[in-house]
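Throughout the sequence shown, residue numbering follows mature numbering (1 follows the signal peptide of the UniProt record, and there is no 0), covering -17 to -1, 1 to 566 in sequence. For every residue, glycine included, the Cβ atom is placed at its ideal position computed from N, Cα and C. Following: one structure in structure tokens, then a few remarks.
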Amino acid sequence: MKHLLLALLLVSSISFASESKKLNELLDTIWTWELKNSPVLATRMGQKQEVGRLADLSPEGLATQNQQALQYMQSLNKIKVKRLDVSEQISLSVQKLRLQNQIDEYQFKGHYLPFTSESGFYSGLAFLPNTHKFNSAADYEFYLQRLSDFPRYFAEQTHWLKEGLKSGMTQPREVLDIVPQLVQNFIHENPTESGFYGPFAKDSVAFMNDNDWLALQKQAQQVISNRVIVAYQKFYEFLNKEYLPGAKKTLGAITWPDGEAYYQNRAAYYTTTSLTADEIHQLGLSEVKRIRSEMQEVIDSLQYEGDLAQFIQFLRTDPQFYAKTEDEILRYAAYLSKRIDARLPKLFSYLPRTPYGVAPVPESIAPNYTTGRYISPTNDTEPGYYWVNTYALDKRPLYALPALTLHEAVPGHHLQIALSQELEDLPNVRRYTYISAFGEGWGLYSEYLGKEVDFYETPYDEFGRLSYEMWRATRLVVDTGIHTKGWTRQQAVAYMLENTALSEHNVRTEVDRYITWPAQALSYKIGELTIKRLRQEAETKLADKFDVRAFHKAVLAHGSVPLTTLEENIARYISDTLKQKDK
């Protein structure tokens, strides 16, 4: 009997090892396939490539990729989950979420919409000079090959935009006026003024003689003039002559072919929940009511005699709340960044190795860009960046900058993403997948953490934090309102102006973003509320054994995960901590 039991245990052990091996091999295979389909990502990952090129977006290419994705999904579904350890189960769930999104986007024809009101494929290419390394003549030649591929890449994107015009799957005409201007920012008569020429804007390089370097600079100017700028110019003309005149006159996603199902699909993807659009809308209304009450408390503490609307108007118009120069707002953002750096040990037991910098949003995209954003390192020799929008300074209130800093830099996006990418014992799909509900939920939760370390110094800073939380709450109402309830653009703008202290410029650019990027805006509040609820459960169940640093480690230790997985992780953390308590 004893020998039989040992034999059964051995068989079971072999079976579990086999399933684990099968999963990890499949994850490696899918990651290699993804890098093949995304050559720029492969460059960013340090992978050597024979020829510089951009992604294949041809009809044949995308159809082939979709068929392969379906086959990989079938293989993932055959994995016996119960034979995997916890970490492997998480890897499987993340990979399936990532792959299913690719399948869904193809099915719903998301590739017909390669840009939003603020950015798109045309602006994403601007990161290429930072993505590449330039340590040899071959590196420069490889980069020029990639720039030479612009006309083919733009032509394929334009093909799908034309298919969108035929089917009614376009961005709304009402929010497109800014897009040609954003594209035009990449068109220069002198190629040396182009951002793509940046790597060549040196007098010399150590590994090349001056004559060869001059010849390479001339070649770069020709490629940028004849390939890059020509591609942008043709795309600019297409937008003005064909796309804008033919774009749909309605706003909501429900007016696209199969739009209602697509919006629900996007809501499920961006929130990693099964909440309906109406449930999300009602949750938003509830949060708006709660936050308005907290805003009033701040107003009362200042002994301000007017109502909320008057106080917000005061904040929007009083010069004391606005920087006079770009340098002033950047310096303040840098100061805030270092000030929160010093408070991180109170909240975290371990911190990322990767540093981050503070930089302005590039001029080429700033006019219709959001107020700030985190930019991940483009290669392993680069830091992350906290971008601050310095366009229209009279619309960038300084009282909102503390909350923005916590969200975009630390303990928000930089800390979370850098820690995830430094989890070197995990498969790449875990290290480099960004799940919006988790990441944006963490960013909004990070704004709240500032209260716990006395980061908000004045009632105005606290009102700025509440305004940012309100901004995310109104998104639940506005996004679902636009895409499922027939809200107009002006109706959405009016609702946000009434309830947030954001400037009218910021509100209008944000509303246009929600119109052109359905459901992404839902992820922030849904994720933050989940993290807060899980923390409350941990505090209640663990009582005096609750340690905020241990809780944060439990949240971040597995990288970016679906909210359902996060709930399982925190339940396990609570259980394990209680067991330690009982010992």
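Residue burial classification, residue i (beta-carbon count within 10 angstroms, cutoff 16)
i, result
"Gly289", "exposed"
"Asn209", "exposed"
"Val64", "exposed"
"Gly367", "buried"
"residue 569", "Outside the modelled stretch of the chain, which goes from -17 to 566, sits residue 569, for which no answer is possible."
"Ser100", "buried"
"Gly395", "buried"
"Pro22", "buried"
"Val371", "buried"
"Tyr357", "buried"
"Val162", "buried"
"Pro385", "buried"
"Thr441", "exposed"
"Ser558", "exposed"
"Asn168", "buried"
"Asn60", "exposed"
"Ala325", "exposed"
"Arg129", "buried"
"Tyr318", "exposed"
"Asn194", "exposed"
"Gly542", "buried"
Residue i, DSSP secondary structure in three states
i, result
"Trp454", "helix"
"Phe98", "strand"
"Tyr415", "helix"
"Ile170", "coil"
"Val188", "coil"
"Ser558", "helix"
"Ile348", "coil"
"Phe104", "helix"
"Ala342", "strand"
"Val544", "coil"
"Val393", "coil"
"Ile358", "strand"
"Pro155", "coil"
"Tyr305", "strand"
"Tyr89", "helix"
"Trp500", "coil"
"Val436", "coil"
"Pro380", "strand"
"Val34", "coil"
"Tyr374", "coil"
"Tyr333", "coil"
"Gly367", "strand"
"Met479", "helix"
"Phe529", "coil"
Rounded Cβ spacing between residue i and residue j (contact assumed at less than 8 Å)
i, j, result
"residue 567", "Pro545", "Nothing about residue 567 can be read from this structure; the chain reaches only from -17 to 566."
"His397", "Tyr339", "4 Å"
"Lys5", "Ile62", "7 Å"
"Arg414", "Ser403", "6 Å"
"Leu549", "Phe421", "6 Å"
"Gln202", "Leu127", "7 Å"
Selection from the options that minimises the alpha carbon distance to residue i
i, options, result
"Ser486", "Ala375, Leu402, Asp462, Leu539", "Ala375"
"Tyr136", "Gly107, Leu37, Glu157", "Leu37"
"Asn192", "Ala120, Ala138, Glu172, Ser106", "Ala120"
"Gln72", "Thr364, Leu539, Asn552", "Asn552"
"Ile207", "Lys224, Asp437, Phe179, Leu222", "Phe179"
"Ser70", "Val436, Phe331, Ala540", "Ala540"
"Val412", "Asn489, Ser269, Met28", "Met28"
"Leu40", "Ala456, Ser450, Phe183, Thr141", "Thr141"
"Tyr417", "Glu311, Gln78, Ala52, Gln50", "Gln78"
"Leu67", "Ser1, Leu561, Pro302", "Ser1"
"Val271", "Thr259, Glu435, Thr457", "Thr457"
"Ser269", "Lys19, His535, Tyr556, Leu512", "Leu512"
"Gln30", "Thr15, Lys562, Pro42, Leu144", "Thr15"
"Tyr215", "Phe133, Ser359, Phe304, Ser320", "Phe133"
Contacting residues, own chain, Cβ-Cβ under 8 Å from residue i (five flanking each side not counted)
i, result
"Glu17", "Leu24"
"Glu407", "Arg414"
"Thr373", "Glu309, Ile312, Leu313, Pro343, Val344, Ala349, Arg379"
Same chain only: Cβ atoms within 6 Å of residue i, ignoring 5 sequence neighbours per side
i, result
"Ile13", "Tyr55"
"Ser177", "His171, Ile207"
"Thr547", "none"
"His466", "Gly235, Ala236, Tyr246, Pro501"
Contacting residues, own chain, Cβ-Cβ under 7 Å from residue i (five flanking each side not counted)
i, result
"Ile295", "Ala484"
"Asn113", "Thr361, Glu365"
"Asn489", "Thr354, Lys378"
"Ile282", "Leu291, Phe294"
"Asn84", "Tyr252"
"residue 572", "Any question about residue 572 goes unanswered here, given that the chain covers just -17 to 566."
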